[in-house]
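So the sequence lines, in the order shown, correspond to chains D and Y. Residue 177 in my numbering sits at position 177 of the first sequence, with consecutive numbering throughout. Residue 1150 in my numbering sits at position 150 of the second sequence, with consecutive numbering throughout. Note that CB positions come from ideal geometry on N, CA and C, so glycine has one too. These numbers come from a predicted model, not from an experiment. For reference, the structure discussed in these notes is given below.
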Amino acid sequence: MKAVLLGATRGIGRSLARLMAERGDALVLLGRDEDALARSAADLQVYGERRVGTARCDLSDPSGFAAALDAADAALGGFDTFVLSAADFARPAELEADDDRCARLIAVNFGNSVALLEAVRRRLLARGGGTLVVFSSVAGDRARKPTGVYGATKAGLSHYAESLDLRERARGLRVVLVKPGFVHTNMTAGLPAPPFAGQPDPVAARVLKAIDHGWPVVHAPAVWRLIMLAVRSLPRALMRRLEF
Amino acid sequence: MTQLSGWGRVPTLEGLEQLGEDLAANCRAASLSRGLGRAYGDAALPWKAGAVVAGTRLGDRVLAFDRATGVLRAEAGFRLAQLEHVARAAGWVSPVSPGTRQVTLGGMVAADVHGKNHHVAGCFGAHVRGLRLQLASGEALEVGPEREPELFDATRGGMGLTGHILEVEVALARVARPWIVVEEECAPDMPTLVAALRAASRSWPYTVAWVDLLRRGAALGRGVVIKGRWAEAHEAAPTLPRRSPADERLAVPCDLPGWVLAPWSVGLFDALYYRLHRWRPRRGLLHPDAFFYPLDGLRAWNRLYGRRGFVQHQCVLPVDQGDDVVTRYVELLVQRGGTSFLTVLKDCGPEGRGLLSFPRPGLSVALDLPMRGASTQALIDALNAFVRQAGGRIYLAKDALTRAEDFAAMEPRLPHFDAVRRRWDPQRRLRSALSVRLLGDAA
């Protein structure tokens, strides 16, 4: 596998990249912080033995997307897998208090993410297909009181990814939509953890399995599939009363 | 804000564990760094309720690993479990393994952990070649045997009070095969057990004794001496199976009621364990994780002790006046009505360079005691009085209940440690619940 990862310097992406490096996949990391990229590349070279490339790419700046993808293509001789696990996150109170902050989150998590995935889609289709791995969230599965704008961006991203999969799978482009439940990472630090909260390493192992099998949707940890099935079926009147 | 505690869950404190991948930025506003929370007592708890501690576990990248020399440098949150995974594949192992692999490199340095091979290998800190520390002033500094050696010595075993450990560079140990050759020997009473352990330590690099303290009378302190060494090339396969016995396949799902772990149940377990090992002592090859980390396979085993938690009393007792000091120590425990559900005996070698590092020549005894409020405190006080008199000392990484005057009396090196702290952190900005309790820091 020749994979490009945006968001793999931290969180689930970091764990996933280690698993891929360890089994010998060729990797290029994209990210906005060059020091973090260099450190993560060094780390991955210990888990695997291949050299790991890096290129600068900031999800809040679409003008740099093409150059980053060119660099990744050049380093890998044409990548076949793209993993987008970077995203912005803020608590609802923070977003409500600051319209600019809110607009930035919407842009990064939805508009710019879709723009990047579109650019990748074109490249992969032009070479006969590949795999697009899109990290969305269970927060996009059903509106709940605290999901707010963040959940809305993830719902949009999930919708986009699903539609893409329906349309392009026959042409060789597999889309794997990842819906992590609550996972203990930097993003969720300080939030009260619900039962069934997961750890990045086992979650990443499940995501890799989904990538290898081409599952169109994967909840991780797996139990969140059942939890969200239940949550989706709750009546609105009840959802108005619940605080979770 | 969440409830923070150590592994023994005594005490529990409201606090904020701030997490971040960038350790230097993450610890800037914190008075203490905290790894995986495996210190038993209050070593990794904030100095007051509501204060911020910097969690290091997301800073877990390897920065360099030289497969030829075995020198590894990593961020402080890198876990021993990860280290074993990465290093074994290249023929290297950690030079020192504590009782769990769920600890971070930073925590291993801060507690200057020791293992079953202390009598030959010393503490983990003895194998550390350098550290990157973020001082109380916010300045980051590289320390090592040649650079600021005094600060380096104070940091190894300094319980995180000299600076936030950002990076650790350690020299790993080369092994021919990643398997342990194990041999066991049963002893019917305490004096025989102690003698067998001391004899074993003369020829085996890894030794430890499991002790049954539930059996009273002449058989008090019977137990099993477990001896190990790394296998030679002709003795074992070059690789390990994919799954490790320390993988968390089982978990204690919730706090067990207090009556489950009680003298009757543990007594039964101990009797079975002893008979099983007497009937069929283990001999031959063992997975290293089963040897070093036997409890890791059961996630959250601290819940076995119920909501009230437990404390550990680990002390090292000098044996210049005779081996019977250990027998007298456990007799004191029994006299005071104490029950230790897990008791481990180890042989300690020479004292290392860490200014507050625990081991010194003698025998280390670790008792796991269920927390029963004031009576447990009184028991710890009595045991500490014994340790003081015997010229021993306690292990800070396990401690929750020792009093400052007892600790000061056991620790002649404390003024030196204080002086180093004064030099680098005159305002004592870096502190913990432990340093407030034992080192006189302002609460």
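DSSP three-state assignment for residue i, whether helix, strand or coil
i	result
residue 231/D	helix
residue 103/D	helix
residue 1364/Y	strand
residue 1265/Y	helix
residue 1327/Y	helix
residue 1204/Y	coil
residue 1090/Y	coil
residue 1114/Y	coil
residue 1310/Y	strand
residue 11/D	helix
residue 1288/Y	helix
residue 1096/Y	coil
residue 1345/Y	strand
residue 1048/Y	coil
residue 1007/Y	coil
residue 218/D	strand
residue 61/D	coil
residue 1411/Y	coil
residue 1235/Y	coil
residue 1376/Y	helix
residue 245/D	Since the first and last residues shown for chain D are 1 and 244, residue 245/D lies out of range.
residue 1386/Y	helix
residue 1321/Y	coil
residue 260/D	No statement about residue 260/D is possible, as the shown extent of chain D runs from 1 to 244 and does not include it.
residue 1370/Y	strand
residue 1082/Y	helix
residue 69/D	helix
residue 1351/Y	coil
residue 1259/Y	coil
residue 52/D	coil
residue 1417/Y	helix
residue 1443/Y	coil
residue 82/D	strand
residue 22/D	helix
residue 1055/Y	strand
Contact list for residue i against chain B, beta-carbon separation under 8 Å
i	result
residue 206/D	No chain B is present in this structure, whose protein chains are D and Y.
Beta-carbon proximity list for residue i, same chain, < 8 Å, skipping 5 on both sides
i	result
residue 1304/Y	1252, 1256, 1260, 1261
residue 1001/Y	1014, 1015, 1016, 1050
residue 201/D	15
residue 73/D	79, 123
residue 1479/Y	No statement about residue 1479/Y is possible, as the shown extent of chain Y runs from 1001 to 1443 and does not include it.
residue 11/D	85, 183, 185, 186, 187, 200
residue 196/D	181, 182, 221, 223, 224, 227
residue 164/D	117, 121, 132, 173, 175
Own chain partners of residue i with C-beta closer than 7 Å, once the 5 adjacent residues on each side are dropped
i	result
residue 1029/Y	1052
residue 1134/Y	1024, 1027, 1140, 1163, 1164, 1166
residue 1172/Y	1070, 1072, 1087, 1092, 1093, 1094, 1095
residue 1151/Y	1143, 1162, 1420, 1424
residue 1406/Y	1384, 1388
residue 96/D	none
residue 1336/Y	1379, 1382
Other residues of its chain near residue i: CB distance less than 6 Å, five sequence neighbours each side excluded
i	result
residue 1113/Y	1098, 1124
residue 1346/Y	1208, 1364
residue 65/D	116, 119
residue 1413/Y	1355
residue 82/D	4, 120, 132
residue 219/D	179, 225
residue 1175/Y	1093, 1230
residue 159/D	none
Cβ separation of residue i and residue j, assumed to be a contact under 8 Å, to the nearest whole Å
i	j	result
residue 144/D	residue 228/D	Their Cβ separation, rounded to whole angstroms, is 10 Å, which puts residue 144/D and residue 228/D out of contact at 8 Å.
residue 1318/Y	residue 1392/Y	6 Å
residue 1359/Y	residue 1118/Y	5 Å
residue 1160/Y	residue 1432/Y	7 Å
residue 1021/Y	residue 1063/Y	13 Å between Cβ atoms; not a contact.
Problem set entry | Sufficient close CB pairs (3 or more, under 8 Å) joining the segment 200-213 of chain D to the segment 144-155 of chain D | no
Exercise. Which runs of the beta strand (DSSP E) spanning at least 3 residues fall entirely within the segment 1131-1198 of chain Y, listed in chain order?
Worked result: 1140-1143, 1164-1171, 1180-1187
Exercise. Is the number of C-beta pairs between the segment 1359-1377 of chain Y and the segment 1419-1428 of chain Y that are closer than 8 Å three or more?
Worked result: no
For this session: Starting from the N-terminal side, write out each stretch of the alpha helix (DSSP H) that is 4 residues or longer and does not extend beyond the segment 116-196 of chain D.
Result: Listed in chain order, they are 148-168.
For this session: Please determine if the segment 174-193 of chain D and the segment 117-136 of chain D are in contact, where contact requires at least 3 C-beta pairs separated by less than 8 Å.
Result: yes
For this session: Say whether the segment 1318-1329 of chain Y touches the segment 1178-1192 of chain Y, bearing in mind that this needs 3 or more beta-carbon pairs closer than 8 Å, one atom from each stretch.
Result: Between the segment 1318-1329 of chain Y and the segment 1178-1192 of chain Y, the count of Cβ pairs shorter than 8 Å is three or higher; the stretches touch.
Exercise. Taking three-plus beta-carbon pairs below 8 Å as touching, is the segment 231-239 of chain D in contact with the segment 37-46 of chain D?
Worked result: no
Exercise. Per the contact definition of three or more C-beta pairs closer than 8 Å, is the segment 1099-1113 of chain Y in contact with the segment 1293-1300 of chain Y?
Worked result: yes
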